[in-house]
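Have a look at the structure below before the remarks.
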């Protein structure tokens with residue numbers, strides 16, 4: 017979020033990211049919009065689901081993206097079954 021003069025993307029709030037994604041989705045007609053889940057919003061399967069559901073419901077984005085390796089497999093599996 018260097019747009020706001022921040023040095024890292026971790027400084028931006030979840031609510032600000034939601035607002036941006038909602039705006040992008042509103043004006044996107046022919047592309048999929050993927051929301052990059054913020055750092056520490058998916059530390060466990062319960063937080064991941066709660067926050068991913070919030071993203072999809074509020075922004076109408078087509079997908080969410082989580083970062084991680086094998087340690088994320090249980091969380092991703094949980095989300096895809098919901």
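Numbering (the numbering used here), first residue to last: 17 to 98.
Idealized CB from N, CA, C, for every residue including glycine.
None of these values were measured; they are calculated from a predicted model.
Rounded distance between the beta-carbons of residue j and residue i, thought under 8 Å
{"i": "residue 91", "j": "residue 82", "result": "7 Å"}
{"i": "residue 79", "j": "residue 50", "result": "5 Å"}
{"i": "residue 74", "j": "residue 42", "result": "Residue 74 to residue 42, Cβ: 12 Å. No contact."}
Enclosing beta strand (DSSP E) for residue i [first to last residue]
{"i": "residue 51", "result": "50-52"}
{"i": "residue 81", "result": "79-81"}
Limits of the unbroken alpha helix (DSSP H) element including residue i
{"i": "residue 72", "result": "61-75"}
{"i": "residue 91", "result": "89-97"}
{"i": "residue 30", "result": "30-42"}
Residue i versus residue j: straight-line alpha-carbon distance, rounded
{"i": "residue 64", "j": "residue 97", "result": "13 Å"}
Residue j beta carbon less than 8 Å from that of residue i
{"i": "residue 26", "j": "residue 55", "result": "yes"}
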